[in-house]
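Undergrad: First the structure, which I've put down as structure tokens, then a few questions once you've had a look.
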Amino acid sequence: MRPPHTGTYLLTHHLSSTIPALQQCGLSVPQAGHSIYDTILSELITLMELQLPNCDIKVLQMDDMSHHIIHAAREEFPGAMIVSTCPTIAYHAGSFAIEINRIVDLDGNILGIGPRPGHQPIHIQLDALKRLSNDGPVVIVEDGIFSGRTIAQLFDWLKAAQVNVVGVIAGFRFEKSKEVLEPKGIPVLTIAEYDNLVDWLPDHDFLPLTPSNGRVVGVKMQNLVVPLYDYKGASFCIPYLDPFAPVKEWASFTGDRTSLAQFAHACISMSLHLYEIIQEMNRKAITIADLLKVQPRISVPVQAGNSENLVYSHESDVRRYLHSMQTVIGRSYDRD
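Mapped onto my numbering, the consecutive letters of the sequence shown carry residue numbers 49 to 384.
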């Protein structure tokens, strides 16, 4: 039996900031302040409390946190160019986003760090940053630092590109990241401290077919890790839901098989409710093709180790695809 976690679990609320990106495709959507976002957040917290009964789930508002971190960066490193792997921070700072994320294979195994879907290869992004910084000081600004491996890799890349990195500022950091960053001499300042951090995830990772959901699926070619695309440019992801992903490993959940299935089913229902509202606002069915050009990217969810279990087409109604995900949950539970 998996021992219960005790400590603080961080949940960043980002959904109300990312769903408006669907307007890039000409769709009308609920704006920030719409009751659907409060409803989803409240339901998600309740569901997570069942998975993490001994944890204090703390919600961080992504937009507010971004402004506080940017202020700290400008106070600590006046005149330095802000760069971030978090697009929200880069947007609010009016600065440079390094569009990278961890990429996994179709079995859910981590391949490495690659560009976010729809973005340039990493070396091209770094070349652009080098030109824009013009040899001036650069500060890396992040919402949080988990293992520290992504920041360490980014620091090495920037150093190799002769970018003048003067420091790193984050909203928070996990203790284990110190083991990775301190030996490299990477100075990190944080604006908040939390006792005994268990894990950290944004709300959209639990909500399929929302921007930036899940872990991006990709391939490794020689030394390059890149997202996987289909013939029309659709990208793929593995959502943080059972049985699509090993959520006990990925999200530190401790619930039994039944509660994990209930959690996944309920999260998909939240996405369904959201798209029902969007459909009513647009008076038409929303298809996967409608969402292909959204940034941050909306990736098609697949199941780790069984990517053929879900069948899609670009003309698929988003709601029908979400219902098919719930069917997969039911089948998996029945087999057990």
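Built from N, CA and C at the ideal position, the CB exists for glycine as well.
In this structure, how does DSSP classify ILE234 when only helix, strand and coil are distinguished?
TA: ILE234: coil per DSSP, three-state reduction.
Undergrad: Look up TYR288 in the DSSP assignment and say whether it is helix, strand or coil.
TA: If DSSP states are grouped into helix, strand and coil, TYR288 belongs with coil.
Undergrad: Classify HIS62 as buried or exposed, calling it buried when 16 or more other Cβ atoms lie within 10 Å of its own Cβ.
TA: Buried is the call here.
Undergrad: If you draw a straight line from the C-alpha of VAL366 to the C-alpha of ILE326, how long is it?
TA: So the alpha carbons of these two residues sit roughly 11 Å apart.
Undergrad: CB-CB under 8 Å to GLN71, same chain, minus the five flanking residues each way: which ones, in chain order?
TA: So the qualifying residues of the chain are VAL77.
Undergrad: Identify, in the order they occur along the chain, each residue of the same chain with its Cβ nearer than 8 Å to the Cβ of GLY266, setting aside the five sequence neighbours on each side.
TA: ILE151, VAL152, ASP153, LEU159, GLY162, VAL273, VAL274, PRO275, LEU276.
Undergrad: Using the beta-carbon count (16 or more within 10 Å), is ILE130 buried or exposed?
TA: Answer is buried; the Cβ neighbour count reaches 16.
Undergrad: Just the Cα atoms here: how many angstroms apart are LEU100 and THR238?
TA: Rounded to the nearest angstrom, the two C-alpha atoms are 26 Å apart.
Undergrad: Going by CA-CA distance only, name the one from GLY184, LEU370, TYR242 that's closest to PHE292.
TA: Closest by alpha carbon: LEU370.
Undergrad: Mind listing, in chain order, the continuous beta strand (DSSP E) runs of no fewer than 3 residues lying wholly within the region 86-141?
TA: 103-109, 129-132, all fully within the region 86-141.
Undergrad: What residue from LYS341, MET318, VAL216, MET373 has the CA that sits closest to GLU356's CA?
TA: Minimum Cα distance to GLU356 is reached at MET373.
Undergrad: What is the rounded straight-line gap between the Cα of LEU89 and the Cα of GLN109?
TA: Straight-line Cα distance between these residues: approximately 11 Å.
Undergrad: How far does the alpha helix (DSSP H) with LYS178 in it extend, from its first residue to its last?
TA: Looking at the DSSP string, the run of the alpha helix (DSSP H) that includes LYS178 is 170-181.
Undergrad: Taking the beta carbon of GLN351 as the centre, do at least 16 other beta carbons fall within 10 Å, making it buried, or is it exposed?
TA: Its Cβ being crowded by 16 or more others within 10 Å, GLN351 is buried.
Undergrad: Just mark ALA80 as buried or exposed, buried being the case when its beta carbon has 16 or more other beta carbons within 10 Å.
TA: By the 10 Å Cβ count, ALA80 comes out exposed.
Undergrad: Report yes if the CB atom of VAL187 is closer than 7 Å to the CB atom of GLY142, and no otherwise.
TA: Against a cut-off of 7 Å, the Cβ pair of GLY142 and VAL187 comes out as no contact.
Undergrad: Would the beta-carbon of MET96 fall within 7 Å of that of ILE105?
TA: Yes, the Cβ-Cβ distance between MET96 and ILE105 is below 7 Å.
Undergrad: Specify the secondary structure class of PHE311 as computed by DSSP and reduced to three states.
TA: Here PHE311 sits in helix by DSSP.
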